[in-house]
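Per our numbering, the very first residue in the sequence shown carries number 442; after that it's consecutive. Each remark here refers to the structure printed beneath this line.
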Amino acid sequence: MSSSPWWRQAAVYQVYLRSFADGNGDGTGDIAGLRSRLPYIRDLGVDALWVNPWYVSPLHDGGYDVVDYRNIDPRFGTLDEAVAMIDEARNLGLEVMVDLVPNHTSSEHPWFREALASPPGSNPRSRYHFRTGRGPDGDTPPNDWRSVFGGEAWSRAPDGEWYLHLFDVTQPDLNWESPEVRAEFRQILRFWLERRASGFRVDVAHGLGKDPMFPDLGHIDELLTSHGGVNHPYWDRPEIHDIFREWRTILDDYPGAVMVAEAWVDTWERLALYLRPGEFHQAFDFDFLMAPWEASHMKESIDRALSGAGAVGSVPTWVLSNHDVVRHVTRYGLPDGLDAREWLLDGDRSLLDLELGSRRARAAALLMLALPGSVYLYQGEELGLAEVDDLPLEILDDPVWKRSGQKLKGRDGCRVPIPWTIGGQSLGFGVDGSWLPQPAGWGGQSVEAQDGVDGSTLGLYRSALHHRREHLLGDEILEWLDLGEEAIAFRRGSGILVVVNFGNDPIDLPAGELLLANAELVEGRLSSDSTAWIVERT
Ligand code: GLC
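Here it is, written out as structure tokens:
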């Protein structure tokens with residue numbers, strides 16, 4: 442093991458609390474459920490967990506609509522339970538990252554209620570973005586900005602002013618030019634750091650700045666897309682980096698505290714700005730997540746990340762799935778170039794090859810876990826879960842479904858409660874059903890079904906995480922090897938060779954002892970859509 446900070450090559454497990462484990466039997470996952478499953482997370486072999494928002498919230502956007510940043514929603518538990526969970530996790534050797542939601546509050550937040558009750562131009566309104574409308578009666582929104590979830594980004598207050606919400610109408614954007622907003626979040630950071638949180642996943646980090654002139658955009662961005670190039674009036678604006686530098690000085694008071702940016706930006710040059718010394722420790726590399734399953738694309742994406750992060754003295758943060766994207770088993774099982782989010786609604790189901798997707802997903806996991814840098818794993822990916830693509834329309838909970846004018850089904854299909862047991866009520870998730878229905882047959886992919894089973898995806902993740910700790914964390918060196926156009930291959934500094942075969946035909950492996958592979962070798966050769974880790978023969 443190296444002596445570098447824990448986060449540089451950490452494996453972090455993302456807990457979507459609502460869907461992880463239900464301790465009180467109300468159908469919604471909660472802190473009690475999470476506490477009972479902490480040993481499971483520890484035994485996977487990860488270093489940390491990240492918990493999606495657990496704050497008081499009407500849950501119009503799964504908790505990304507926060508009413509009280511210093512308290513827990515009763516459906517998830519209590520503040521005491523949250524603190525106890527953090528302590529227990531830390532006693533098991535797991536760091537705990539909490540989700541910070543600084544771009545917007547809930548419309549039920551006391552600040553927003555106060556703003557609505559106060560006149561235009563008043564201080565309470567200055568914490569958000571209120572503007573007068575256009576047209577003689579001011580009944581046209583102040584500009585043409587659109588919500589990421591669809592529809593206009595402005596809604597009208599009862600007195601006629603408009604307020605900005607880049608997401609749901611119940612998520613008014615905060616004004617980060619307001620000194621009060623800045624002061625409040627400095628305190629929120631300290632609040633959780635004092636309760637031994639190890640840091641923060643920062644939601645929509647790239648959205649905090651707004652062009653004060655509020656210019657028209659002149660076009661409509663694609664739904665569920667939150668990036669838009671340089672000089673965009675609200676994405677990735679340069680002034681936001683001051684905020685992050687301020688936060689970093691606070692984190693630096695707490696040894697080991699880390700922040701990771703959710704920043705959807707266009708290029709690695711832009712992402713690297715978030716990773717400069719004195720800013721974020723980590724920033725998710727969504728370019729890798731979105732790269733098509735093809736050797737040259739994958740290699741180029743990895744190269745961009747290594748050199749982009751390396752240029753600022755940092756390392757990439759790899760991720761294949763999270764609570765916002767179609768699970769990668771399904772993405773890799775669909776033809777290249779097809780938008781999986783659109784396909785979910787009414788796409789041709791015969792286009793999905795789940796066997797292929799599963800195989801590629803396992804190969805991709807072994808690729809990702811062998812790269813220098815940190816990795817984030819989304820609950821259920823270690824079970825090989827696919828997107829649930831047949832949720833009935835009438836039960837969809839994601840605001841995207843309604844706001845997109847029912848053009849996109851939204852993100853519920855990757856948020857279905859995970860199966861713990863082969864059978865039983867809600868497959869061990871809880872005792873009395875689950876807030877989204879689990880598909881028939883999911884018990885076969887449960888933890889119980891895979892635990893200790895040779896060749897299972899759970900076993901593969903456990904072995905890979907174990908070998909990663911054992912062999913791959915000594916340095917951050919990656920040296921490319923040439924094994925032809927259909928493969929990517931590299932040597933890690935420790936003498937581990939990693940080979941991924943993207944082609945249709947089996948390929949020869951370099952000499953050495955096989956440590957791990959996602960599929961049986963065929964006469965000593967690595968078959969299609971497979972990854973092998975080999976101890977180099979010296
Ligand atoms: C982030 C979250 C997503 C949420 C959005 C608005 O992208 O990951 O789930 O809907 O921000 O807070």
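Where is the CB? At the ideal position from N, CA and C, for every residue including glycine.
query                                                                                                                                                                    : result
Note down the Cα distance separating Ile836 from Ile661, rounded to an integer number of angstroms.                                                                      : 28 Å
Whole-angstrom Cβ separation of Ser619 and Ser567, contact assumed at under 8 Å?                                                                                         : 6 Å
Report the partner residues of Val816 according to the DSSP bridge assignment.                                                                                           : Ala452 and Trp759
Quick check: what's the CA-CA separation for Ile918 versus Leu479?                                                                                                       : 32 Å
Enumerate in chain order the residues of its own chain whose CB-to-CB distance from Leu557 is below 8 Å, with the five nearest sequence positions on each side excluded. : Ala598 and Pro599
Please classify Phe590: does DSSP put it in a helix, a strand, or coil?                                                                                                  : coil
To the nearest angstrom, report how far apart Ile527 and Arg636 are at their CA atoms.                                                                                   : 8 Å
Is the beta carbon of Val940 sitting closer than 8 Å to the one on Ala928?                                                                                               : yes
Looking at Val760 and the ligand GLC, is the gap between the Cβ and the nearest heavy atom below 7 Å?                                                                    : no
If we ignore side chains and look at the alpha-carbon of each, how far apart do Leu962 and Ser588 end up?                                                                : 49 Å
Pull up the distance between the alpha-carbon of Ser460 and that of Gln879, whole angstroms please.                                                                      : 11 Å
Since Asp744 is in the alpha helix (DSSP H), which residue starts that stretch and which ends it?                                                                        : Ala736 to Gly751
With a CB to CB cut of under 6 Å and the five nearest residues on each side skipped, what residues in its chain are close to Val888?                                     : Trp861
Does the Cβ of Asn493 have 16 or more other Cβ atoms within 10 Å, making it buried, or fewer, making it exposed?                                                         : buried
Candidates Leu520, Leu967 and Ser748: which alpha carbon is nearest Arg511's?                                                                                            : Leu520
Quick check: is any heavy atom of the ligand GLC less than 7 Å from the C-beta of Val940?                                                                                : no
For the stretch 449-456 and the stretch 869-876, state whether three or more C-beta atom pairs, one from each stretch, are separated by less than 8 Å.                   : no
Using the three-state DSSP reduction, which class does Ala928 fall into: helix, strand or coil?                                                                          : strand
Gly896 to Met809, Cα distance in whole Å?                                                                                                                                : 19 Å
Taking Cβ positions, are Arg572 and Phe685 nearer each other than 8 Å?                                                                                                   : no
Report the rounded CA-to-CA distance for Asp765 versus Trp784, giving the unit in angstroms.                                                                             : 15 Å
Between the stretch 924-938 and the stretch 762-777, do three or more beta carbon pairs fall short of 8 Å?                                                               : no
Taking 5 Å as the limit, tell me which residues put their C-beta closer than that to any heavy atom of the ligand GLC, in chain order.                                   : Asp502, Tyr505, Phe608, Asp644, Val645 and Asp765
Quickly, what does DSSP pair Trp491 with across the bridge? List them, please.                                                                                           : Gln455 and Met538
Quick one: using the 10 Å Cβ neighbour count with 16 as the cut-off for buried, is Trp688 buried or exposed?                                                             : buried
Leaving out the 5 sequence neighbours to the left and right, which residues in its chain are closer than 7 Å to Gly774 when beta-carbon positions are compared?          : Leu793, Asp794, Leu795, Leu797 and Gly798
With distance defined between alpha-carbon atoms, name the residue in Arg483, Phe517, Ser548 and Glu663 nearest to Gly534.                                               : Arg483
Secondary structure at Leu665, three-state DSSP: helix, strand or coil?                                                                                                  : coil
Taking 8 Å as the limit between beta carbons, can you name the residues of its chain near Ile513, skipping five residues before and five after?                          : Ile472, Trp495, Tyr496, Val497, Thr519, Leu520, Glu522 and Ala523
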